[in-house]
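Protein chains in written order, with the numbering used here: chain A, 1 to 326; chain B, 1001 to 1380.
The beta carbon of each residue, even a glycine, is placed where N, CA and C say it ideally should be.
Note that the structure is a prediction, hence the values are computed from the model and not measured.
Comments concern the structure below.
Below is the structure:
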């Protein structure tokens, strides 16, 4: 049987306690220590839930990240925190980073945002979730004069330097968020830049586990490119992608199946998911399967996210019972 | 009604003053709240200083003052604030509404609140799921409108959250869950159409009818979600048409933080919409002339008014009047007709302090005047 893992794939929603504390802070009714205490308690609860449900690697929820780019927009030289911009087809917004000069990383800045610094998780158990170089390059406002193609490669190299630093702190599991690879697939020279960026990342990753996670779009048209990139597994969003439409070369690495749709509170059916996994394993022969949310669960309120996440162990049990993976 | 060129209008909510927040939940005012109330009352004179109730409020303990009176004063403050800064069209800063989505959904049947979801940074909204067929408990915003109508000294424009936004910001469990194959895109789309039309016909239209019957003439339908799914622009228009069908009022649609190119021309089908009230300042930079996008309306031959967003509502930096003037003039060139332009903030100013919002609105009013002078000068 091929290995089967379950893991969160993006930020978790903030619970009501953190919502209240951060709002009160903005209104001058709470002190920073109270907000910190609310975060700590929520992160403890979430790590406990990840352990209870057997999710691995764990994340601690990335509750403090305002958006995927903020640690970089506020921490790297050459980047600024820019205007409020819609996060794909959601009612969530991010601050678009503005690149005015060639970016330079600030050593040590990123690690302060990561699970080992903010939660009780040891780095060895935690997954580092980062923007993928293509999505990062395409979503920032590039006023630096550098071409887009060159920027993709440059961001790949800078993220590689971050990864080397994080590996020295004990992190060994990394995930790159790449919705644009399926929403705006790169072609020709842009695809070459993406390959070059991921080669640079692979050099830095060494034996670390790495995932490229796509969401909000149909991965089928781009899947040959995705499957050729040097990562441990590629994640797809099952709300947008029909796995029966995927074609992959022999030797597909792992496959991530984003089986929880954060755009609805309706809970997915474990038995249906088991059937999808069995069919996909038989057809594509991935070396491993990872199940997780299709896109970040922070589009849901905390109670609904917990309710839906609790489906994962049930789905896992169903899949094991079919013999497809385990 | 005679208006100046580039009349100024409100677009949505204002920050609630501390005295109102404390007072309406029955808490005693602290020193900061008392100072704030005295300071704004000195400036706007919205409560007579000799009013015994004011003295009682300033000195009363927790629970000793009626919350409804505080809410009314909040409305009155919003009106005088927007009138005082010089806007031509005003409302009450949505002083009595908890938030634009929840304030409407609370009055509808078929919804269950699930909890808070983050919108950005540390801003959240309480999100509901449609768990049954949508209906209306009773038309809403009536009480606040009647109060505003009684007290306003300028023309009123009432904001109402639109059907597409109500549906998009909710979880569509009832209309989606009863379809086979609910996980598939085609099923989601059809279920969403059903949901939007139900909200429009069953909840918003009867509310608009009641508001118009109460004397409301100018209504802004807020559709900040309009740009969320570019391939659903036609559904935004369909929801608007269903909600406003047969209703005689002056309607506008407010949209923000969206790619307008993806919405037009489909949105032109919103038949009874007289004005597009749009955000631009947030995206207007040294390198990008956001107002050039208005040329699109000229390309489509659309001759409706434009409510021009000239203030970035998410930053404290106050726009200079000259910057506002330049934005208006650039928009005038792109649209090809200055006479169709109203000026307004990008969106509600609720996330800015009252002091910052006031300074920004002063710049808006001054910038509109400078733009008028500039055009008059160039004509002469």
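Excluding the 5 residues flanking it on each side, residue 1004 of chain B has same chain C-beta neighbours closer than 7 Å at 1372, in chain order.
Around residue 83 of chain A, the same chain offers 96 as residues with beta carbons nearer than 6 Å, after the five sequence neighbours per side are excluded. Leaving aside the five residues that flank residue 1272 of chain B on each side, the residues in its chain whose CB is nearer than 6 Å to its CB run, in chain order, 1244, 1251.
Across the region 34–65 of chain A, no CB contact with chain B closer than 7 Å is found for any residue. Scanning A:201, A:87, A:22 for the CA closest to the CA of residue 34 of chain A turns up A:22. For the region 77–96 of chain A, the set of residues with a beta-carbon nearer than 8 Å to any beta-carbon of chain B comprises 83, 84, 85, 86, 89, 90, 91, 92, 93, 94, 95, in chain order. By the criterion of a C-beta distance shorter than 7 Å, residue 1258 of chain B is surrounded in its chain by 1226, 1227, once the five residues flanking it on both sides are discounted. Taking each of A:217, A:177, A:46, A:218 in turn and checking the Cα distance to residue 198 of chain A, the smallest one comes out for A:177. Assignment of residue 1132 of chain B by DSSP, reduced to helix, strand and coil, places it in the strand class.
Of all C-beta pairs linking the region 1100–1108 of chain B to the region 1032–1052 of chain B, fewer than three are shorter than 8 Å, placing the two stretches out of contact. Between residue 1136 of chain B and residue 1080 of chain B, the C-beta gap is not smaller than 7 Å, which leaves the two residues out of contact. Straight through space, the alpha carbons of residue 1222 of chain B and residue 1075 of chain B are spaced by roughly 20 Å.
Per DSSP, residue 1216 of chain B has no beta bridge partner at all.
As the crow flies, the alpha-carbon of residue 1165 of chain B is around 10 Å from that of residue 91 of chain A. Residue environment analysis places residue 1092 of chain B among the buried positions, since at least 16 neighbouring C-beta atoms fall within 10 angstroms of its C-beta. Residue 1123 of chain B and residue 65 of chain A have their alpha carbons spaced roughly 13 Å apart. Neighbours of residue 1228 of chain B in chain A, taken as residues at a C-beta separation under 8 Å, are given in chain order as 86, 89, 90, 91. For residue 1310 of chain B, the closest Cβ of chain A is not nearer than 7 Å.
When C-beta atoms of the region 310–322 of chain A are compared with those of the region 273–291 of chain A, three or more pairs fall below 8 Å, so the two segments count as touching.
Around the CB of residue 1016 of chain B, 16 or more other CB atoms lie within 10 Å, so the residue is classed as buried. In the three-state reduction of the DSSP assignment, residue 224 of chain A falls in the helix class. With a cutoff of 7 Å on beta-carbon distance, residue 79 of chain A and residue 14 of chain A are scored as not near each other. The C-beta separation of residue 1253 of chain B from residue 1277 of chain B comes to about 7 Å, placing the pair in contact by the 8 Å criterion.
The beta-carbon of residue 304 of chain A is placed less than 7 Å from the nearest beta-carbon of chain B. Nearest in C-alpha terms to residue 266 of chain A, of all of B:1176, B:1338, B:1139, is B:1176. Unbroken alpha helix (DSSP H) stretches of 4 residues or longer found wholly inside the region 15–93 of chain A: 16–26, 32–52, 70–73, given in chain order. DSSP places residue 1112 of chain B in the uninterrupted beta strand (DSSP E) bounded by 1108–1120.
Contact annotation: the region 1232–1243 of chain B touches the region 1185–1205 of chain B, with at least three C-beta pairs closer than 8 Å.
Short of 6 Å from the beta carbon of residue 1349 of chain B, and not among the five residues preceding or following it, lie these beta carbons of its own chain, in chain order: 1014, 1313, 1357. Residue 1290 of chain B sits away from residue 1334 of chain B, with the two beta carbons spaced by 7 Å or more.
The beta carbon of residue 1240 of chain B does not come within 7 Å of any beta carbon belonging to chain A, so the residue lies off that interface. Contact of residue 301 of chain A with chain B is assigned, a C-beta pair being separated by under 7 Å. Beta-bridge partners assigned by DSSP to residue 1123 of chain B: B:1120. In the DSSP assignment, residue 293 of chain A forms a beta bridge with A:260. Where residue 1161 of chain B is concerned, the enclosing beta strand (DSSP E) starts and stops at 1158–1161. The straight-line gap separating the alpha-carbon atoms of residue 211 of chain A and residue 69 of chain A is approximately 18 Å.
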